[in-house]
Amino acid sequence: MEQVYLNPIFYSKSPGQQLPVPHQLVLTLERLASNGNRALVGQFSRNFSVGRGTVIVKVSRQVVRAINDLSGLYLVWPNATRQKKISDVMKAEGFKGCVGFVNGTTIPLHQHPTID
């Protein structure tokens with residue numbers, strides 16, 4: 105958590121003040137965990153009393169970028185044996201050809217994407 109907090113993206117010199125980092129993390133994690141059924145920006149911003157632009161620009165993008173900046177420290181490409189095992193499991197879940205994902209968790213969507 106401390107590594108996310110220390111990301112320079114949260115310490116801009118722009119005149120507008122950012123939400124506290126813990127608040128940004130909570131907003132983003134709640135949005136990402138919404139299973140696709142509460143991810144509408146308008147509804148989400150009303151539920152958390154933040155502006156629509158805050159949800160997308162000032163929060164979600166920044167937090168995701170800060171987490172992505174740490175990916176090189178924690179994410180590794182699986183070896184051939186592990187790729188095969190993951191691929192078999194994911195094929196059964198409907199993700200043919202998937203050989204890697206972050207923690208083994210699949211996220212159910214409320215609705216399927218309009219584009220495959």
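In our numbering, the protein residues as written are 105 to 220. Virtual Cβ for every residue (Gly too), placed ideally from N, Cα, C.
With a threshold of 6 Å on Cβ separation, who are the neighbours of residue i within its own chain once the five nearest residues in sequence on each side are excluded?
i          : result
valine 125 : Tyr109 and Phe114
Might you give, ordered along the chain, the residues of its own chain that have their beta carbon closer than 8 Å to the beta carbon of residue i, omitting 5 neighbours on each side?
i              : result
arginine 165   : none
isoleucine 190 : Pro182, Cys202, Val203, Gly204 and Phe205
Sort the options by Cα distance to residue i and report the nearest one.
i                 : options                           : result
threonine 185     : Leu179, Val193 and Tyr178         : Val193
threonine 132     : Lys188, Phe148 and Phe199         : Phe148
proline 226       : Gly146, Ser138 and Arg169         : No answer is possible for residue 226: the residues shown for the chain start at 105 and end at 220.
phenylalanine 152 : Gln128, Leu174, Gln187 and Gln122 : Gln128
serine 118        : Gly146, Glu197 and Lys162         : Lys162
methionine 105    : Thr158, Gly120, Ser116 and Val130 : Val130
Which class does residue i belong to by DSSP, given the choice of helix, strand or coil?
i                 : result
alanine 196       : helix
alanine 137       : coil
tyrosine 178      : helix
phenylalanine 205 : coil
glycine 146       : helix
leucine 129       : helix
leucine 157       : Correcting the residue identity first, residue 157 is glycine in this sequence and not leucine. It is helical.
Which same chain residues, not among the five before or five after residue i, have their C-beta less than 7 Å away from its C-beta?
i              : result
isoleucine 171 : Val108
lysine 195     : none
Name the two residues that bound the continuous alpha helix (DSSP H) containing residue i.
i              : result
leucine 109    : Note on identity: in this sequence residue 109 is tyrosine, with leucine being the wrong assignment. Element bounds for tyrosine 109: 106-109.
isoleucine 171 : 165-173
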